[in-house]
Amino acid sequence: MTRKIIGQYFCYLFALAMCCVLVGQSIQYTMTTKILTKIDGIIDTTIEVKKKKRKSRRFDYELRIFLQDTTEYFRFMDIYNYNSFRNQINNGGKAEILVRPKWLVPLGMGHRNDIFQMSINGKIIFDISQTKKNSGGIILLSLIAIPGFILLGRYLKRKG
């Protein structure tokens with residue numbers, strides 16, 4: 032009996048969490064460069080980092096960009112196919128990086144240092160439109176998951 036109640040509340044809680052994700056991704060999908068935070072600097076180093084996925088044999092890759100006079104790094108995830116523009120990112124180049132504002136990070140999933148648009152020496156090499164494809168997929172998943180988990184919670188309530 033208690034397992035069904037816990038399962039029911041888990042379904043409702045997960046549906047609520049997916050609502051937060053839906054709101055954050057919707058904001059992110061409609062976001063323009065005016066909302067983003069701009070960081071200027073000179074590229075110091077770039078490093079490709081390989082991370083093992085949990086409970087899987089696959090790996091995630093990310094390209095980290097370090098700017099001079101900063102301690103933090105900025106990153107491209109491998110879903111954005113950064114190899115297509117990686118040869119344009121050279122040490123010593125003047126970079127303009129646009130990241131999300133702090134208030135959007137908890138809603139939008141990801142990290143504060145995720146790059147949404149990047150220009151090198153005044154030329155845009157990574158446009159904000161490329162991140163919208165990923166947001167659109169997450170929005171669709173959320174729209175399917177929210178009613179699914181609500182219905183599953185109601186089913187568990189009726190069954191118990």
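According to this note's numbering, the residues represented by the sequence shown are 32 to 191, in order.
For each residue, glycine too, the CB sits at the ideal point set by N, CA and C.
- Shown here for ILE120: same chain residues with a beta carbon closer than 6 Å to its own, the five before and five after excluded, namely THR77 in chain order.
- SER166 places its beta carbon less than 8 Å from that of TYR60.
- For GLY124, there is no enclosing alpha helix (DSSP H), as DSSP marks it with neither H nor E.
- For VAL54, DSSP records no beta bridge to any residue.
- When secondary structure is reduced to three states using DSSP, ILE155 falls in the strand class.
- Taking C-alpha positions only, LYS154 is separated from GLN99 by approximately 19 Å.
- Cβ-Cβ distances below 8 Å link GLY124 to ILE73, ILE74, ILE151 and ASN152 in the same chain, with the five nearest sequence neighbours on each side left out; the list follows chain order.
- Rounded to the nearest angstrom, the Cβ distance from ALA46 to ILE177 is 5 Å, consistent with a contact under 8 Å.
- Judged by DSSP in its simplified three-state form, ASP100 adopts coil rather than helix or strand.
- Between MET140 and VAL52, the gap from beta carbon to beta carbon is short of 8 Å.
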